[in-house]
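Below is one structure, written out as structure tokens; the observations come after it.
Numbering (the numbering used here), first residue to last: 540 to 1183.
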């Protein structure tokens, strides 16, 4: 029996069968209706809810097969299960009954128990089908709701990303001018000590504001899921040296000690995201300096070599201090966003975002971070990253404590174009570069930059991305396209190839994906606003081979520049420069065409004394890094521009 009695229709022209079945089914709780011929059965079905039909085959006017056919042809009655009742015991009749749509077949004379069992079986199947259909509809509704939610989330994430991009540009753009001009003024020897102190305060405050903006933007990018892993070669020793230089003044002012310890098994050069690794170490070291009033800070690095060839290193870092320490009950929430410890709140500095961002960055670098601390005894942060050892082909850089006075003697007169729609930013670079002896012109949009490039052929262009009329990405693409056309025309005529212009893009965007778009357009490099003066000068060394004259301070005299700092390229590129121009041009064309076979063939022609260079080039091919080789050798496709 069921809680809600099913309604059955018995169709049989023999009244005795109707009565027997009706009585038995009624006794078992079913509602029963009867019909002695097909026409009456059709009316009964169409006049009310019928859950199951017991149907005789041999009947006058409309037999059971025809009646079943009509019911199955009608969408409103097609789902009603039909059990045939017949004295026909022939197999062919039974097969026909099932072909017509019947769900079961009972042979007369029937047994009441058998009929009841088969009826209940079909009603149970029907109930289960209805439940399954209902659950399926519910599931489809949930799936649609989730799809709608995902679409809404994707739309919201896209809107958030666009908002972040605009906010990044709007916040970084004025800061670039503030920080840039403070650097220009800091070089002004006419400033009296009081005004110089004011400039230093402005500079430090602007840098602190930039750190806060970066923290908020980084957290927002993490929440929006738009943080990317930008892997490239990183000189780990150089990165740690830079951190030591960065914090040296604060260490001296606070009267504490700072020690760096690097184990011998740490590879000098690794493949990782240097910007995020530097951000993690800077944040941890900055916190250590902030909360340490006496004693020392220790930064250590060690490495766990790979077990199998080709596996990455596990690089371990630790930043320990003898500062205030952290209470045990605060350790669990250390890495939560907007949460500060008691020491952090007492310092009235920061946003409570640094450690949360550091944790996300460490995990993105393939590692994990942990903290140990005891109140009044100090704190130690430990984290590790996963990174492949690299060949060490990193660009040279300029140490921040060495003041550049200008171009060294016997330097060419380099032509530099600054393209930026913001007057303050153009003026900043014009002042900086003109002071050092560069010839500088400026353009306020991409179209003007294109025209100046055509007439003046600068050695290098600083190209902003957002400009009216024609943006920087479009202008870069147009310049590269015209260079190709000019080179092809020169080759056809047998004339010297035209000059190649280095293009370095300037952008206030906080997103790494725009870097890929910029480089794909033909830019040689990328600097994010606001940029440091040292970064600008370093790029000129890297791309043009500029050699600077430095201020001879006591520190500089003790730390004379190494040859790599005044040469235009890294050591293996220097070896390339010493090879015949035709060979270099063939190598560049093979790399540009992503033709590994042609590159390997050229390597085989190298003399024995170039075995080390051959090994480096083969490794680039093995690692499928022809794009790197193409970028390095692009300048060999055209001769360097003649300095005026």
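Backbone N, C-alpha and C define an ideal beta-carbon position, used for all residues, glycine too.
Within the segment 558-630, note down every full alpha helix (DSSP H) run reaching 4 residues or more, in order along the chain.
577-586, 603-612
Can you give me the Cβ contacts of residue 972 inside the same chain, cut-off strictly under 6 angstroms, excluding the 5 residues immediately before and after it?
Numbered from its first residue, the chain shown carries residue 972 at position 433. Excluding sequence neighbours, residue 972 sits near 955, 979.
I'd like the ranges of any alpha helix (DSSP H) spanning at least 4 consecutive residues and lying wholly in the segment 943-975.
962-975
Do you know offhand how far residue 725's Cα is from residue 817's?
Here the question's residue 725 lines up with position 186 in the chain shown. Here the question's residue 817 lines up with position 278 in the chain shown. Across the structure, residue 725 and residue 817 are spaced so that their CA atoms are roughly 26 angstroms apart.
Alpha carbon to alpha carbon, how far is residue 886 from residue 743?
Position 347 of the chain shown, counting from 1, holds the residue named residue 886. Position 204 of the chain shown, counting from 1, holds the residue named residue 743. Confidence at residue 886 is low in this model, with a pLDDT of 48, below 50, so its placement is unreliable and no value can be given for it.
Buried or exposed for residue 768, please, with buried defined as at least 16 other CB atoms from any protein chain shown within 10 angstroms of its CB.
The count along the chain shown starts at 1 and reaches residue 768 at position 229. Exposed.
Just to confirm the assignment, what range does the beta strand (DSSP E) spanning residue 1043 have?
Against the chain shown, residue 1043 aligns to sequence position 504. Its beta strand (DSSP E) spans residues 1041-1046.
Helix or strand or just coil, what does DSSP make of residue 979?
Translated into positions along the chain shown, residue 979 becomes position 440. Residue 979: strand per DSSP, three-state reduction.
On the three-state DSSP scale, how would you describe residue 897?
Taking the chain shown and counting its residues from 1, one reaches residue 897 at position 358. Residue 897 falls in the helix class under three-state DSSP.
How long is the line joining the alpha carbons of residue 1014 and residue 792, rounded to whole angstroms?
The sequence position of residue 1014 within the chain shown is 475, counting from 1. The sequence position of residue 792 within the chain shown is 253, counting from 1. When rounded, the distance between both Cα atoms is 47 angstroms.
Among residues of its own chain, excluding the 5 on either side of residue 897, which ones have a beta-carbon nearer than 6 angstroms to its beta-carbon?
The sequence position of residue 897 within the chain shown is 358, counting from 1. Closer than 6 angstroms at Cβ, skipping near neighbours: 819, 822.
Checking the sheet assignment: what are the DSSP bridge partners for residue 773?
Here residue 773 is taken as the residue at index 234 of the chain shown, counted from 1. In DSSP, residue 773 forms a bridge with 809.
With three or more C-beta pairs closer than 8 angstroms as the rule, is the segment 802-815 touching the segment 768-780?
A contact between stretches requires three or more CB pairs, one per stretch, nearer than 8 angstroms, and the segment 768-780 meets this requirement with the segment 802-815.
Given this structure, state the Cα-to-Cα distance separating residue 557 from residue 648, to the nearest angstrom.
Within the chain shown, residue 557 is the residue found at index 18, counting from 1. Within the chain shown, residue 648 is the residue found at index 109, counting from 1. If you take the alpha carbons of residue 557 and residue 648, they lie about 13 angstroms apart.
What distance in whole Å lies between the Cβ atoms of residue 623 and residue 636, which are believed to be in contact at a cut-off of 8 angstroms?
Locating residue 636 in the chain shown gives position 97, where the first residue counts as 1. Locating residue 623 in the chain shown gives position 84, where the first residue counts as 1. The pair is a contact, with the Cβ atoms about 4 angstroms apart (cut-off 8 angstroms).
If you reduce the DSSP assignment to three classes, tell me which class residue 673 lands in.
Here residue 673 refers to the residue found at position 134 when the chain shown is read from its first residue. Helix, per DSSP.
Any idea if residue 1078 is buried or exposed, counting beta-carbon neighbours within 10 angstroms, 16 or more meaning buried?
Counted from its first residue, the chain shown places residue 1078 at position 539. Classification for residue 1078: buried.
Counting pairs of Cβ atoms below 8 angstroms between the segment 676-692 and the segment 559-577, do you hit three or more?
no
In terms of residues, what are the limits of the alpha helix (DSSP H) holding residue 869?
Stepping through the chain shown from its first residue, residue 869 is reached at position 330. It spans 867-870 - the alpha helix (DSSP H) in which residue 869 sits, taken as one unbroken run.
Report the rounded CA-to-CA distance for residue 540 versus residue 559, giving the unit in angstroms.
Against the chain shown, residue 540 aligns to sequence position 1. Against the chain shown, residue 559 aligns to sequence position 20. For residue 540, the pLDDT reaches just 43, beneath the cut-off of 50, and the residue's location in the model is therefore unreliable, although a value from the coordinates is still provided. Residue 540 and residue 559: Cα-Cα distance of roughly 19 angstroms.
Hey, could you find the ends of the alpha helix (DSSP H) residue 1014 is sitting in?
Sequence index remark: in the chain shown, residue 1014 carries index 475 (1-based). Unbroken alpha helix (DSSP H) run through residue 1014: 1011-1032.
Apart from the five residues on each side of it in sequence, which residues of its chain come closer than 8 angstroms, Cβ to Cβ, to residue 746?
As a working note, residue 746 is residue 207 in the chain shown. By the criterion of a C-beta distance shorter than 8 angstroms, residue 746 is surrounded in its chain by 718, once the five residues flanking it on both sides are discounted.
Kindly identify the DSSP beta-bridge partner or partners of residue 911.
Reading the chain shown from its first residue, position 372 is the one you call residue 911. In the DSSP output, where bridge partners are listed per residue, residue 911 has 919.
Going by beta-carbon coordinates alone, are residue 799 and residue 918 separated by less than 9 angstroms?
For the purposes of this step, residue 799 is taken as residue 260 along the chain shown, with counting starting at 1. For the purposes of this step, residue 918 is taken as residue 379 along the chain shown, with counting starting at 1. Taking 9 angstroms as the Cβ cut-off, residue 799 and residue 918 do not qualify as a contacting pair.
Ordered along the chain, which non-local residues of its own chain (more than five positions away) have a Cβ less than 8 angstroms from that of residue 602?
On the chain shown, position 63 is the one that residue 602 refers to. The answer, listed in chain order, is 577, 596.
Go ahead and pull the three-state DSSP assignment for residue 840.
Reading the chain shown from its first residue, position 301 is the one you call residue 840. Looking at residue 840 - three-state DSSP - the assignment turns out to be strand.
Across the segment 1006-1023 and the segment 982-994, are there enough close Cβ pairs to call them in contact, namely three or more that are closer than 8 angstroms?
Enough Cβ pairs lie closer than 8 angstroms, so yes.
Grouping DSSP H, G and I as helix and E and B as strand, with all else coil, what is residue 818?
Numbered from its first residue, the chain shown carries residue 818 at position 279. Helix.
Indicate whether residue 1130 and residue 961 have their beta-carbon atoms separated by less than 9 angstroms.
By 1-based counting over the chain shown, the position of residue 1130 is 591. By 1-based counting over the chain shown, the position of residue 961 is 422. The answer is no: Cβ separation not under 9 angstroms.
For the alpha helix (DSSP H) that contains residue 1075, what are its first and last residues?
Taking the chain shown and counting its residues from 1, one reaches residue 1075 at position 536. From DSSP, the alpha helix (DSSP H) with residue 1075 extends over 1072-1083.
For residue 554, which three-state DSSP category applies?
Residue mapping note: residue 554 aligns to position 15 of the chain shown, counting from 1. Three-state result, residue 554: helix.
Given a threshold of 16 other Cβ atoms within 10 Å of its Cβ, counted over all protein chains shown, does residue 997 qualify as buried or as exposed?
Locating residue 997 in the chain shown gives position 458, where the first residue counts as 1. Buried, since its Cβ has 16 or more Cβ neighbours within 10 Å.
Applying the criterion that 16 or more other CB atoms from any shown protein chain within 10 Å of the CB defines a buried residue, is residue 682 buried or exposed?
Indexing the chain shown from 1 puts residue 682 at position 143. Counting Cβ neighbours within 10 Å, residue 682 comes out exposed, since fewer than 16 surround it.
Restricting to Cα atoms, I'd like to know which of 1146, 1134, 907 is closest to residue 1160.
Position 621 of the chain shown, counted from the first residue, corresponds to residue 1160. The residue with the shortest Cα to Cα distance from residue 1160 is 1134.
Should residue 1141 and residue 1122 be called a contact, given that it needs their Cβ atoms to be closer than 9 angstroms?
Within the chain shown, residue 1141 is the residue found at index 602, counting from 1. Within the chain shown, residue 1122 is the residue found at index 583, counting from 1. Contact flag set, yes.
When we look at the beta-carbon of residue 872 and count the other beta-carbons within 10 Å, is it buried (16 or more) or exposed?
Working through the chain shown from its first residue, we reach residue 872 at position 333. Residue 872 comes out exposed.
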